[in-house]
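To start, the structure under review is shown below, and the notes come after it.
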Amino acid sequence: MLRRTRNEAGRIAARPPLAGRPDSQTPPRTPRYVATMHDAASPSHGLSLRLNGRRVLVAAAGEATPALVRLALRAGAQVTVCGGPALPADAAHPRLRRDDRAPCLDGLRLCLTADAALAGRARAAGVLCAVPGRPDLSDVAGPWDDAAPATDAPATDAPAMDAPATDAGALPAPSRPRAPGRASLVGAGPGDPALLTLRALQVLATADLVLHDRLVGPEVLALAPAHARRVDVGKRCGRHVMTQAAINRLLVREALAGAHVVRLKGGDPFIFGRGGEELDCLRDAGLDVEVVPGVTAACAAAARLGIPLTHRDVSRSLHLVTGHGSDNEIPALDWGALAATRGTLALYMSTRTLDGVAARLIAGGMSPATPAVAVENVSLPGERVRLATLATLPGVLAGDPGEGPTLVIVGEVVARVRAGALRAA
Ligand code: SAH
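Those letters in the sequence shown? Residues 52 to 476, per my numbering, in order.
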């Protein structure tokens with residue numbers, strides 16, 4: 052009977068690049084394998100692990116690192132190296148990247164590591180592992196040598212896992228996995244669908260699954276096809292409906308399963324949107340990702356108020372700043388340096404901390420009389436504008452913080468808000 056066993060007979064075998072096709076440029080037409088596992092009791096039967104286009108992590112693998120990397124690259128994998136010695140200069144490859152941060156396990160097909168603790172975490176996350184010299188920790192065995200003979204690989208490029216099992220009843224007839232899908236990180240703008248970009252609309256129209264923030268309203272969501280699933284992964288009242296790690300996992304899982312996953316985020320995905328983390332996970336999983344920019348709240352608010360965010364006479368810079376640190380406190384920024392810019396500050400997520408933020412800016416030399424404005428629900432029903440100064444705006448917001456998202460703009464440009472714009476807003 053066929054079993055996925057950790058046994059001594061297991062071999063790691065890599066196929067050379069297909070003749071006449073430069074491995075680094077053209078994706079192979081047929082599946083390739085890095086690992087073949089044979090049951091010692093019935094060596095004519097075996098399981099092969101398809102790695103073509105899948106993500107393989109080579110982590111803390113010591114001197115074996117270069118050989119393991121070559122092996123996985125030859126199998127067509129997207130390879131991330133974490134730890135271990137520097138790779139030789141000639142190891143540059145479009146499917147190879149080095150990332151020495153804590154490894155992202157989402158979407159991994161195989162983890163090759165000498166680090167037993169990492170292997171434990173990876174296996175707990177459902178990732179197949181191979182730990183050289185530790186068959187007890189390995190799902191995949193091998194001689195860790197990229198020169199291993201190709202004879203252990205399937206005799207043809209036909210995927211062994213798709214062939215009917217010869218040992219009747221040993222394996223269910225498997226279905227061919229779907230080709231990986233793709234993901235798009237799309238900025239939805241401040242809320243009004245008219246502020247979506249044309250590209251956002253095009254991308255949304257081809258979505259199979261839309262993972263959206265709470266700030267993305269029903270009118271925007273209605274632009275996705277009827278068949279597309281819509282999942283609210285946003286925050287509510289400071290508590291996450293879904294953790295960022297869970298969102299990352301869902302994104303990667305659904306895209307790998309063949310869906311076009313659209314991650315729809317308020318404003319711009321790369322401005323206080325954690326879009327960078329999602330992009331890393333998707334890329335680490337070897338997925339194609341398109342990023343579609345969106346109109347960020349500061350630009351939308353300035354347009355609504357009719358004020359420029361920069362002006363050659365009064366403001367030579369614009370800083371986008373969060374008033375909300377990861378621990379719900381005021382972030383440890385150099386507030387004195389921000390005050391000294393004499394430019395415009397757009398304060399995101401600052402309603403609850405504005406008192407302390409204003410105190411720090413004033414202590415840093417910014418005049419308490421600097422004009423400041425809070426704009427709530429920009430471009431949405433319930434839009435509200437409150438104009439004050441740096442010294443007085445915190446008190447205004449403390450008395451009535453409002454329920455919608457609120458952006459604060461501080462700087463001399465705010466003095467250009469005209470009464471007409473305020474009435475219209
Ligand atoms: N990626 C978003 C920002 C997300 S952080 C962007 O680029 O705009 C969330 C903060 O953005 C809110 O706390 C608020 O400060 C601001 N914000 C987002 N949408 C807004 C809106 N419609 N009106 C006012 N502020 C908004």
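Built from N, CA and C at the ideal position, the CB exists for glycine as well.
Which residues does DSSP pair with residue i in a beta bridge?
| i | result |
| --- | --- |
| ALA168 | DSSP, once it has assigned bridges, lists no residue as partnering ALA168. |
| THR485 | No statement about residue 485 is possible, as the shown extent of the chain runs from 52 to 476 and does not include it. |
| ARG437 | ALA425 |
| ASP283 | HIS263 |
| ALA181 | LEU163 |
| VAL372 | LEU398 |
Spatial neighbours of residue i within its chain, please: C-beta separation below 6 Å, excluding the five flanking residues on both sides.
| i | result |
| --- | --- |
| PRO78 | Low confidence applies to PRO78: its pLDDT is 43, below 50, so where it sits in the model is not reliable, and the reading given next is rough at best. If we look at PRO78 and ignore the five residues flanking it on each side, it has no Cβ neighbours. |
| ARG411 | TRP386 |
| VAL372 | LEU396, LEU398 |
| GLU341 | SER235 |
| ALA420 | THR440 |
| ALA442 | PRO419 |
| LEU161 | VAL107, LEU179 |
| GLU170 | This sequence places Ala at residue 170; Glu is not what is there. THR164, CYS180, VAL182, LEU188, listed in sequence order. |
| ALA494 | The chain is shown only over 52 to 476; residue 494 falls outside these bounds and no answer can be derived. |
| GLU427 | ARG435, GLY453, GLY455, THR457 |
| GLY433 | GLY455 |
| GLY268 | GLY242 |
| ARG149 | VAL132 |
| ILE358 | VAL464, ARG467, VAL468 |
| GLY345 | GLY238, ALA239, GLY240, GLY318, ASP319 |
| ILE477 | This structure does not reach residue 477, given that the chain is present from 52 up to 476, and the question cannot be answered. |
| THR347 | GLY318, ASP319, ILE322 |
| LEU431 | GLY242 |
Suppose the cutoff is 7 Å on Cβ atoms and the five residues either side in sequence are ignored; what does the same chain contact list for residue i look like?
| i | result |
| --- | --- |
| PRO73 | Any reading at PRO73 is ruled out, since the residue's pLDDT is 37, under 50, leaving its predicted position unreliable. |
| LEU124 | VAL130, HIS144, ARG146, LEU147 |
| LEU119 | VAL109, ALA112, LEU163, TRP195 |
| GLN295 | ARG325, GLU328 |
| ARG367 | THR361, GLY394 |
| VAL254 | SER235, VAL237, VAL313, GLU341, VAL343 |
| ARG365 | For the sequence presented, residue 365 should be read as Val rather than Arg. Taken in chain order, the residues that qualify are GLU463, VAL464. |
| ALA391 | GLY415, GLY416 |
| ASP283 | HIS263, ARG265, VAL292 |
| PRO402 | It is Thr, not Pro, that sits at residue 402 in the sequence shown. Excluding positions up to five away in sequence, the list reads LEU448, PRO452, THR457. |
| ARG185 | ALA167 |
| LEU369 | LEU360, THR361, GLY394, THR395, ALA397 |
Looking at the secondary structure, which residues open and close the alpha helix (DSSP H) in which residue i lies?
| i | result |
| --- | --- |
| ILE238 | According to the sequence shown, residue 238 is Gly rather than Ile. From DSSP, GLY238 is part of no alpha helix (DSSP H) but of the beta strand (DSSP E) over 233-238. |
| ILE413 | 405-414 |
| LEU119 | 116-125 |
| ARG250 | 249-255 |
| GLY158 | Note, GLY158: premise wrong, no alpha helix (DSSP H); not H, not E. |
| GLU270 | 269-272 |
| LEU389 | 386-391 |
Would you mind reading off the limits of the beta strand (DSSP E) that contains residue i?
| i | result |
| --- | --- |
| VAL447 | Element bounds for VAL447: not the beta strand (DSSP E) but the alpha helix (DSSP H), 444-450. |
| THR457 | 457-461 |
| ALA397 | 395-399 |
Output needed for residue i: all residues of its chain with C-beta closer than 8 Å, excluding positions within five of it in sequence on either side, in chain order.
| i | result |
| --- | --- |
| ARG172 | LEU156 |
| ALA306 | PRO231, GLY232, ARG233, ALA234, VAL312, LEU333, ALA336, LEU338 |
| VAL117 | Position check: residue 117 holds Pro in this sequence, whereas Val was assumed. Excluding positions up to five away in sequence, the list reads PRO136, LEU138, PRO139, ALA142. |
Whole beta strand (DSSP E) runs in the stretch 286-370 with 3 or more residues, listed along the chain? 311-316, 339-343
Report yes or no: do the stretch 307-314 and the stretch 255-273 share at least 3 C-beta pairs separated by less than 8 Å? yes
Could you say if the stretch 327-344 and the stretch 271-287 meet the contact criterion of at least three C-beta pairs nearer than 8 Å? no
Okay, do the stretch 322-337 and the stretch 353-369 touch, 3+ Cβ pairs below 8 Å being the bar? With a cut-off of 8 Å, the stretch 353-369 and the stretch 322-337 do not count as touching, because too few Cβ pairs lie within range.
Are three or more beta carbon pairs between the stretch 374-388 and the stretch 276-287 nearer than 8 Å? Taking one beta carbon from each stretch, the stretch 374-388 and the stretch 276-287 have fewer than 3 pairs nearer than 8 Å; the two do not touch.
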